[in-house]
Amino acid sequence: MRDLFNKSERERHQFKSYYCLDCKQVKPCHTISQEYCCSCAYQIERERNQEYSNYQLVYQRKIKEQKEHIQQLKLLREYSGCPKCQSKEVDAYSLYEKNQLACQPCRMRKEGGASGSVSFLERQKWYKRYWEIDLVEWLEKYGCLPVNAGCARKWLKDNQHLESCDCLEREAQENYLLFSNSLKENREKLKKCQCENSPKIRVSSDNYAWCEKCGESIPVASKKRVIKNRNDPRFWGLKVKEKVLCLECLGKFAEKMPKRKRYLLGEYLKRYEKRQDF
Ligand SMILES: [Zn+2]
Ligand SMILES: [Zn+2]
Ligand SMILES: [Zn+2]
Ligand SMILES: [Zn+2]
Ligand SMILES: [Zn+2]
């Protein structure tokens, strides 16, 4: 029994790597992605990068991030250390994601695992080393920070740079273009797509499919890795999100079926009850 389970798990896995990971019904031609068919890959990229879809959005987000980052640095600067262990190292995740100061060594002792740490001293050294600026001076005198290393360099050459600095706009513009160009490229690639659409519902194994409602295993059309018509809701004139259903679960949709199909299903179910291997 265990072997059978492992075997079908393995087959499931092989199937996953062969067909599109998202829709599972298309053999990817690998023009855009290894794991996804071209149209899924394109959709996923669009959705994932929704926040880069227009320049204003990117720009506003950058301003917000910039402000948050400065507040976090100020918070870190005022931190007098952990009352328990006196350490000034705080948990990087809590600081950057939640604006909270949590003692990193204490947290490590309590919860274990590896979490990143950050301290004001370390930040100060970092800015000195990579941007050649004095963090304290910037926070106190200007209440802001250069946008990036390039911006810091410009300021080092010309202290008036801050007044005419458009580095944030540029960076937002670059980010936005990077995304929209990649999307444009992929849209072009879509035209060359040769993904193979399966006319029948594909499944992951030579032997079994799994009902998408109750998880029951269903024998499939032998060695073809497609389900039998009777397990395809479309065959029953149903418009549901599930692609594979067992007969019992199909029974629950009987009322939504055209009359003729409902009758046919009744016949199937009668036979099914008599022979379990049907
Ligand atoms: Zn797909
Ligand atoms: Zn502590
Ligand atoms: Zn600048
Ligand atoms: Zn394709
Ligand atoms: Zn079922």
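Taking our numbering as reference, the numbering of the sequence shown is continuous, increasing by one, and the terminal residue is 1184.
Backbone N, C-alpha and C fix where the C-beta goes; we use that ideal spot for every residue, glycine too.
From a predicted model like this one, the values you see are computed outputs, not experimental measurements.
Item                                                                                                                                                                            : Value
Ignoring anything shorter than 4 residues, give me the alpha helix (DSSP H) runs that lie fully in the stretch 1069–1126, in order along the chain.                             : 1073–1097
Could you pull the DSSP bridge partners for residue 1000 from this structure?                                                                                                   : Residue 1000 is not bridged to any residue.
Using a Cβ-Cβ cutoff of less than 7 angstroms, which residues in the same chain neighbour residue 1101 once the five nearest sequence positions on both sides are dropped?      : 932, 933, 934, 935, 943 and 944
Need the endpoints of the alpha helix (DSSP H) that residue 1032 sits in, please.                                                                                               : 1026–1032
If I follow the unbroken alpha helix (DSSP H) through residue 1011, where does it start and stop?                                                                               : 1010–1017
Which residue wins for smallest C-alpha separation from residue 1002, given the options 1050, 1011, 953 and 977?                                                                : 977
Compute the Euclidean distance between the alpha carbons of residue 1071 and residue 959, then round it to the nearest angstrom.                                                : 24 angstroms
Just the Cα atoms here: how many angstroms apart are residue 1085 and residue 1172?                                                                                             : 53 angstroms
Can you tell me whether residue 1105 is buried or exposed, with buried defined as 16 or more other CB within 10 angstroms of its CB?                                            : exposed
Output needed for residue 907: all residues of its chain with C-beta closer than 8 angstroms, excluding positions within five of it in sequence on either side, in chain order. : Confidence at residue 907 is low in this model, with a pLDDT of 47, below 50, so its placement is unreliable and the value that follows should be read with caution. There are no such residues.
For residue 1023, write down the residues that DSSP places opposite it in a beta bridge.                                                                                        : 997
Alpha carbons only, please: which of 1015, 1011, 1014 and 985 is nearest the one belonging to residue 1005?                                                                     : 985
Can you list, in chain order, the residues of its chain whose CB lies under 8 angstroms from that of residue 972, leaving out five sequence neighbours each side?               : 1050, 1051, 1053 and 1074
Taking 5 angstroms as the limit, name every residue whose beta carbon sits nearer than that to some heavy atom of ligand 4, in sequence order.                                  : 935, 937, 944, 1099 and 1101
Starting from residue 1157 and walking both ways along the alpha helix (DSSP H), at which residues does that stretch end?                                                       : 1153–1158
By alpha-carbon positions, which one of 970, 1156 and 990 ends up nearest to residue 1016?                                                                                      : 990
Nearest-angstrom Cα distance between residue 1122 and residue 1116?                                                                                                             : 6 angstroms
List in chain order the residues whose CB is within less than 5 angstroms of at least one heavy atom of ligand 5.                                                               : 1117, 1119, 1120, 1122, 1152 and 1155
Give the secondary structure of residue 933 by DSSP, where H, G and I count as helix, E and B as strand, and everything else as coil.                                           : strand
CB-CB under 7 angstroms to residue 1099, same chain, minus the five flanking residues each way: which ones, in chain order?                                                     : 935, 937 and 944
Report yes if the CB atom of residue 953 is closer than 8 angstroms to the CB atom of residue 1089, and no otherwise.                                                           : no
Which class does residue 907 belong to by DSSP, given the choice of helix, strand or coil?                                                                                      : Summary for residue 907: the model assigns pLDDT 47, below 50, so the residue's position carries little reliability; its value from the coordinates is reported in the next sentence. In this structure, residue 907 counts as coil in the three-state DSSP scheme.
Is the Cβ-Cβ distance between residue 987 and residue 994 less than 8 angstroms?                                                                                                : yes
On the three-state DSSP scale, how would you describe residue 1132?                                                                                                             : strand
Report yes if the C-beta of residue 924 is less than 7 angstroms from at least one heavy atom of ligand 7; otherwise report no.                                                 : Because ligand 7 does not appear in the structure shown, any question about it cannot be addressed here, the ligands present being ligand 1, ligand 2, ligand 3, ligand 4 and ligand 5.
Verify the contact flag: residue 932, CB atom, against every heavy atom of ligand 1, threshold strictly below 7 angstroms.                                                      : yes
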